[in-house]
Amino acid sequence: MRKTTILLLSSIILFTMSCKQKTNEVSDNPLLQEWDTPYGVPPFDKIKIEHYKPALEAAMQEQKDNIQKIIDNKEAPNFENTIAALEFSGLTLSKVAGVFFNLLSSDTNEELQKIAQEISPKLSNHSDEIIMNPELFAKIEEVYKNKDNSNLNKEQLRVLELTYRDFVRSGAKLNDADKKRLMEINERLSLLALQFGDNLLAETNGYKLIIDKEEDLAGLPEGLREAAAITAKENGEEGKWMFTLHNASVMPFLQYADNRELRKDIQQAYINRCNNNNEYDNKKIILELVELRIERAKLLGYENHSQYILDDNMAKTPEAVYELLNQLWTPALELAKEEAELYREMMKRDGIQDDLQAWDWRYYTEKVRKEKYNLDEEELKPYFKLENVRDGVFDVSNKLFGLSFVKSNEIPIYHPDVEAYEVKDENNEVVAVLYMDYFPRPSKSGGAWMNDYRGQYVYEGKNVIPIITINCNFTKPTSTAPSLLTFDEAQTLFHEFGHGLHGMLSKCTYPSISGTNVPRDFVELPSQLMEHWASEPEVMKSYARHYQTNEPIPDELIKKLEDAEHFNQGFATTEFLAAALLDLYYHNLTEMNFSDVLVAEKEALEAIGLIPEIVVRYRSPYFSHIFAGGYSSGYYSYIWSEVLDSDAFALFKEKGIFDPATAKSLKDNIYSNGHKDDPMTMYVNFRGREPKIDALLEGRGLK
């Protein structure tokens, strides 16, 4: 998603304090001082909670002053004194907010959350005040109207066009009354999204399944038992086993636990997060979010929120998204129904008279996979030691793009679990700093993601290298075993590293178009493309090594993985598509037509024919992608990008998976190019043609 120094992390702040207090707090504030750390990374050890508010206030004021200088400039508006000046007007703000919002996700606490609740609406207002400033927009518009006579290079012209478009899309041409209302809506939306995420973290952390009878652990792998015992001990329940709603705990429990009632218990807790009519319930938040998004879209001249969002994406229209999703839905659902019959048959053989339920699906998936393909996830895990998978993705990055990764103990880190790396190119020059944060903790959001503390850009003739962070939630090592990943988790690491490469390889001048600042349905191409290398036999042989013997994964295991490639793809595709269609259901509304979120969700899923044995990947109360994470009307992006990445990797299969010319074209046209061109143009420049859906259909077993 495109991100400018004005629209940083979706919001910006304005504070007012006494001048004397401000002077004292600013002069001693490490967030505002020149960072003399290696590569200018944040001095985490010096930053305290009380530093954030005054630092953000000062950064806001600095940007306001810089904007005023643009307005007061008596020279005729041009690219340098208006557009470029705007691009770099908020560098201090980017620096400060980059630290704050990254730690809010990866190492939060109640104090940080309280600050975020206080500042997010003010950040939103500050951003709107810049965008809706008529004097500033008049200058931007004048530069835009004279673009054909300005001798701009291609990148400058692109930044100018996108800046003008962003201002118009964000309300710069509205009348004063509509601007005022839009600012109120944006302020409220920022607060609601933040509250949604805080509630989800609290609900996820709040549930504990405590087991005190060893017989209730039947079926669970030893590594999972040991991890649960450690969790129990850390929570004052020594001698017992504790399972949580973090994916590294709940998913393998659902996959292996023989105790059906306990599977039901934890699965029901998982799918009812933020749906318990308590202080963390998100249903009322959803109602307000959806209604305000409809109102905002109409203020800005669109029929609904989906039209507003998609107009800025590759898809352009809701109809184009529906066309893709509907093309996949019917074959995926039919395949899922066939899978369900396989599981019912095995349940009967197990003597279970009850019908297949949602808490049975993953358990019988594993049993049928083992029977049908002689493939046991636990047989695979010893070959996917975290450090080996990490080295594998490093090696792929080296072979494709000439990068090397050197661990550094000199670069400050924000938590003991975190690793820091210098990223060097083929000339041994440092081109990025990389943080790797692998493990879950109560202070960290769930899931996996990439972000940056600082994006790449060129300022005053000097290239500023990016500071990239990759966050995961893998099982921690125990006293007897290292962190061992499932194959899905190995693919997750490759995926997030693809995002990281998109940031690390960026070669752009202007921050608003560098790295991952691209349309939402294009940003998943670099990440999903990297996943393909994870399963290539040549690559697996190099990184998938037994953690005890260092022997490479045997050919027969790779063959089993290949044979089972399409197994359970009906379920995987159906649960995803259901979530993407649910997202569109909410955001394609032109009027608010429901008052009960659960009823609306039920109607939406019944309308597409989702079978009850499959729960939509994200139920509404914990669908943070669309209600807290910037993917509203955008969850389809993963499958849209999969059309691209499947088609792109087909070229590597044709030319060779490490073919130098193809890799160079990929780097030059996609990974280093940011948003310097239209995404489809960039793809065609790489591929030689527009993408075809065939490779995706084949990869998901739908063809």
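Residue numbers 1 to 703, in my numbering, belong to the letters of the sequence shown in order. Note that the Cβ used here is the ideal one computed from N, Cα and C, for glycine as well. The model shown is predicted, which means the values in this text are computed figures rather than measured ones.
- The three-state reading of DSSP puts Arg263 in helix, counting H, G and I together.
- Look at the segment 23–93 and you find these whole runs of alpha helix (DSSP H), each 4 residues long or longer: 52–72.
- Per DSSP, reduced to three states, the secondary structure at Ile309 is helical.
- Counting only the Cα atoms, Glu237 lies some 18 angstroms from Glu215.
- Straight across, the Cα-Cα distance linking Phe88 with Asn102 is about 21 angstroms.
- The DSSP assignment places 358–373, 377–380, 386–401 as complete runs of the alpha helix (DSSP H) inside the segment 327–405, in order along the chain (cut-off: 4 residues).
- Per DSSP, Val616 is not a residue of any beta strand (DSSP E), being assigned neither H nor E.
- Here Ile693 carries a coil assignment [DSSP, helix/strand/coil].
- According to the DSSP assignment, Lys145 belongs to the alpha helix (DSSP H) that extends over 134–145.
- Cβ-Cβ distances below 6 angstroms link Val99 to Pro42 in the same chain, with the five nearest sequence neighbours on each side left out; the list follows chain order.
- For the alpha helix (DSSP H) assignment, the uninterrupted runs of no fewer than 4 residues enclosed by the segment 611–681 are, from N- to C-terminal side, 624–627, 637–655, 660–666.
- Looking at Leu31, Val143, Thr231, Met530, the one whose alpha-carbon comes closest to that of Pro477 is Thr231.
- Asn463: not part of any alpha helix (DSSP H); member of the beta strand (DSSP E) spanning 462–464, first to last residue.
- Inclusion of Ser190 and Ser249 in the CB contact set at 9 angstroms is not warranted, their separation being larger than that value.
- Under the criterion of beta carbons closer than 8 angstroms, Val423 and Met530 do not qualify as touching, at roughly 15 angstroms.
- Lys316 and Gln307 have their C-alpha atoms roughly 8 angstroms apart.
- In this structure the segment 250–260 does not touch the segment 448–463; the number of beta carbon pairs closer than 8 angstroms is below three.
- At the C-beta level, Asp258 and Ala218 come within 9 angstroms of one another.
- Under the Cβ criterion (8 angstroms, minimum of three pairs), the segment 117–134 counts as touching the segment 167–174.
- Secondary-structure assignment with DSSP links Trp241 through a beta bridge to Ile211.
- Spanning the alpha carbons of Glu371 and Glu345 requires a straight line of approximately 13 angstroms.
- Taking 8 angstroms as the upper bound for CB-CB distance, Glu366 and Glu379 are not in contact here, some 11 angstroms apart.
- In the DSSP secondary-structure assignment, Leu434 is bridged to Tyr421, Ile468.
- For Glu334, same chain residues with a beta-carbon under 8 angstroms away, outside a window of 5 residues either side, are Gly570 in chain order.
- The segment 149–169 makes contact with the segment 506–516: 3 or more CB pairs, one atom from each, lie closer than 8 angstroms.
- The C-beta of Thr469 has 16 or more other C-beta atoms within 10 Å across all chains shown, which makes the residue buried.
- Straight across, the Cα-Cα distance linking Ser106 with Ala420 is about 15 angstroms.
- Runs of the beta strand (DSSP E) lying entirely within the segment 187–232 and spanning at least 3 residues, in chain order: 209–211.
- The three-state reading of DSSP puts Asp107 in coil, since its state is none of H, G, I, E or B.
- CA-to-CA, the gap between Leu484 and Tyr671 works out to about 30 angstroms.
- Shown here, Pro526 sits in a helix according to DSSP, grouped into three states.
- Between the alpha carbons of Asn278 and Phe401 lies a distance of about 50 angstroms.
- A direct Cα-to-Cα measurement between Leu93 and Leu310 gives close to 28 angstroms.
- About 6 angstroms separates the Cβ atoms of Leu325 and Leu577, confirming a contact at the 8 angstroms cut-off.
- In its chain, beyond the 5 residues on either side, Arg293, Ile294, Ala297, His587, Ser632, Ser633 have a beta carbon closer than 7 angstroms to the beta carbon of His305.
- In the three-state reduction of the DSSP assignment, Met314 falls in the coil class.
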